[in-house]
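Engineer: Numbering (the working numbering), first residue to last: 46 to 379. Even for Gly, the Cβ is constructed at its ideal location relative to N, Cα and C.
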């Protein structure tokens with residue numbers, strides 16, 4: 046891809062509007078330092094100096110979309126609690142549409158707390174409710190999505206297996222929105238893989254793809270066969286397998302597989318990298334890119350966020366800078 050092509054694609058993101066349906070959560074980071082071991086157990090003591098919060102899970106996907114200049118609308122469930130209010134405030138601050146965010150007083154907001162010492166993650170603590178949402182909540186989410194359908198280019202389904210993405214809701218969203226000519230992109234979770242039938246694209250990582258097929262990818266040919274099998278089994282238009290240091294491989298109906306080399310220059314933290322991939326890829330499709338072009342842009346965006354500690358998103362300027370570094374162009378200030 047030429048730089049001027051990339052610039053145009055990134056510019057076109059500003060006219061895109063995407064719905065993100067899935068498991069929203071609050072990512073909490075406790076930053077501190079370690080200088081001694083606990084006398085109570087052989088574990089380090091972290092002296093917390095700073096706490097920060099970011100939209101996580103499906104909400105991080107929406108944040109990625111907005112960081113790239115697009116419009117994003119989140120659809121999911123939060124509890125009537127402090128974490129839910131903090132998350133809602135963060136979403137509004139990021140200019141993410143929250144009309145589809147339902148408050149459920151009988152459910153706690155999912156919170157993932159990461160404790161870091163000297164910028165190194167020491168432990169993660171999860172507080173969440175993973176029960177499937179009931180029919181009334183499903184109906185409310187679908188109704189709000191359909192009310193907004195005319196202004197949406199497509200739907201990202203961000204599944205963390207926390208109870209929002211259930212079979213009935215998934216089928217309704219895919220059937221209704223594909224009939225309207227909208228794309229459906231799925232960031233999968235192994236537990237629900239058999240559910241994902243006939244979306245536009247599914248974006249598993251290598252481990253998820255292996256587990257869905259019940260076999261290990263020892264060789265490149267295993268990846269190629271696995272991707273084609275997932276394509277056939279799911280009825281999707283395409284499968285994009287993210288492969289860490291091996292880049293990503295795209296499998297489209299009627300086309301030969303394409304592998305895109307990684308563009309990561311440094312890797313500090315993979316938190317949210319999958320969110321970045323599906324968000325950037327979806328914007329590429331909404332902006333009129335081919336699937337291969339969209340995957341190439343998503344690959345560059347992923348290369349940005351894995352070089353940042355904590356849940357992160359990539360801006361258009363960061364992607365262009367990363368392109369220049371990756372392809373050896375001179376980067377000048379100003």
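Can you tell me whether residue 297 is buried or exposed? The criterion is at least 16 other CB atoms within 10 Å of its CB, across all chains shown.
Structural biologist: The residue in question, residue 297, is buried, as its Cβ has 16 or more Cβ neighbours within 10 Å.
Engineer: Hey, residue 161 and residue 75: beta-carbon distance below 9 Å or not?
Structural biologist: Their beta carbons are under 9 Å apart, which means residue 161 touches residue 75 by this criterion.
Engineer: With burial defined as no fewer than 16 other Cβ atoms inside 10 Å of the residue's Cβ, what is the status of residue 203: buried or exposed?
Structural biologist: Burial call: buried.
Engineer: Give the straight-line distance between the Cα atoms of residue 243 and residue 249, rounded to the nearest whole angstrom.
Structural biologist: Straight-line Cα distance between these residues: approximately 15 Å.
Engineer: On a CA-only basis, which of 182, 330 and 85 is nearest residue 110? Give me that one, please.
Structural biologist: Checking every option, the nearest Cα to that of residue 110 belongs to 330.
Engineer: Write down the C-beta distance between residue 165 and residue 214 rounded to the nearest angstrom, noting that I regard them as a contact closer than 8 Å.
Structural biologist: About 39 Å separates the two Cβ atoms, so there is no contact after all.
Engineer: Looking at the unbroken beta strand (DSSP E) that takes in residue 141, where does it start and where does it end?
Structural biologist: First-last for residue 141: undefined, no H or E at that position.
Engineer: Leaving out five residues before and five after residue 276 in sequence, what residues of the same chain have Cβ atoms less than 6 Å from its Cβ?
Structural biologist: Counting only Cβ-Cβ distances below 6 Å, and skipping sequence neighbours, we find 284 and 296.
Engineer: State the DSSP-derived secondary structure class of residue 296, mapped to helix, strand or coil.
Structural biologist: Reduced to three states, the DSSP call for residue 296 is strand.
Engineer: Below 9 Å between beta carbons: does that hold for residue 190 and residue 66?
Structural biologist: Yes, the pair counts as a contact, with Cβ atoms nearer than the cut-off.
Engineer: Just the Cα atoms here: how many angstroms apart are residue 341 and residue 138?
Structural biologist: Going by the C-alpha atoms only, they are around 30 Å apart.
Engineer: On the three-state DSSP scale, how would you describe residue 314?
Structural biologist: Bear in mind that a pLDDT of 43 at residue 314, under 50, signals an unreliable position, so the model cannot answer this.
Engineer: I need the boundaries of the alpha helix (DSSP H) containing residue 261, first residue and last residue.
Structural biologist: That residue, residue 261, is in no alpha helix (DSSP H); it is neither H nor E in DSSP.
Engineer: Based on the DSSP output, what are the partners of residue 72 in its beta bridges?
Structural biologist: Per DSSP, 99 and 157.
Engineer: Assuming residue 119 contacts residue 143 under a Cβ cut-off of 8 Å, what Cβ separation, rounded to an integer in Å, is found between them?
Structural biologist: With a Cβ gap of about 6 Å, residue 119 and residue 143 count as contacting.
Engineer: Are the CB atoms of residue 100 and residue 71 within a distance shorter than 9 Å?
Structural biologist: Their beta carbons are under 9 Å apart, which means residue 71 touches residue 100 by this criterion.
Engineer: What separation, rounded to the nearest whole angstrom, lies between the Cα atoms of residue 370 and residue 325?
Structural biologist: Distance between the alpha carbons of residue 370 and residue 325 is about 19 Å.
Engineer: Which term fits residue 290, buried or exposed, when burial requires 16 or more other beta carbons within 10 angstroms of its beta carbon?
Structural biologist: So residue 290 counts as exposed.
Engineer: According to DSSP, which residues form a beta bridge with residue 123?
Structural biologist: According to DSSP, residue 123 bridges with 148.
Engineer: Report buried or exposed for residue 241, applying the criterion of at least 16 other Cβ atoms within 10 angstroms of its Cβ.
Structural biologist: With 16 or more Cβ atoms within 10 Å of its Cβ, residue 241 is classed as buried.
Engineer: In or out: residue 280 buried (at least 16 other Cβ within 10 Å) or exposed?
Structural biologist: Answer is exposed; the Cβ neighbour count stays below 16.
Engineer: Span of the beta strand (DSSP E) holding residue 200?
Structural biologist: It spans 199-203 - the beta strand (DSSP E) in which residue 200 sits, taken as one unbroken run.
Engineer: Where residue 346 and residue 339 are concerned, what is the direct C-alpha to C-alpha distance, given to the nearest angstrom?
Structural biologist: For residue 346 and residue 339, the distance between alpha carbons rounds to 11 Å.
Engineer: State yes or no: is the C-beta of residue 113 within less than 9 Å of the C-beta of residue 69?
Structural biologist: Not a contact, by the Cβ cut-off of 9 Å.
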